[in-house]
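Numbering follows the UniProt record's numbering, in which position 41 of the sequence shown is assigned residue number 41; successive positions increment by one, without gaps.
Positions of the beta carbon are idealized from the N, C-alpha and C atoms, including for glycine.
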Amino acid sequence: MVKQYSAEFKLEAAKMVVDHHYSVAKAAQAMGVSLATLNRWVKKLRLERQGPPPAVPLLRQNRLNFVR
Numbered sequence: 001m002v003k004q005y006s007a008e009f010k011l012e013a014a015k016m017v018v019d020h021h022y023s024v025a026k027a028a029q030a031m032g033v034s035l036a037t038l039n040r041w042v043k044k045l046r047l048e049r050q051g052p053p054p055a056v057p058l059l060r061q062n063r064l065n066f067v068r
């Protein structure tokens, strides 16, 4: 049976790594989850904090500005 965790639990576990500088191994052990699971949550949190990618990739945008 697959264990399900609340969004709050996932966020708190990921914040242990991202904000409080725990190693993934220590945070996973403390929260009782696998390394793979916590790595997935950490990756998701970091991507969410980056925000959406620009509509036009920066390299292409720079080339367009250079041509003008």
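Check: Under 8 Å between C-beta atoms of L38 and V18; Outcome: no
Check: Residue burial classification, M16 (beta-carbon count within 10 angstroms, cutoff 16); Outcome: buried
Check: Straight-line gap, G32 to Y22 (C-alpha atoms, nearest Å); Outcome: 14 Å
Check: Reference Q4, options P52, W41 and H20, closest by Cα; Outcome: W41
Check: Per-residue burial, K44 [other beta carbons within 10 Å of its own, 16 or more giving buried]; Outcome: exposed
Check: Residue span of the alpha helix (DSSP H) that contains V2, given as start and end; Outcome: Unbroken run through V2: none, as it is neither H nor E.
Check: Neighbourhood of R46 by C-beta, 8 Å cutoff - its chain only, sequence neighbours within 5 removed; Outcome: V18
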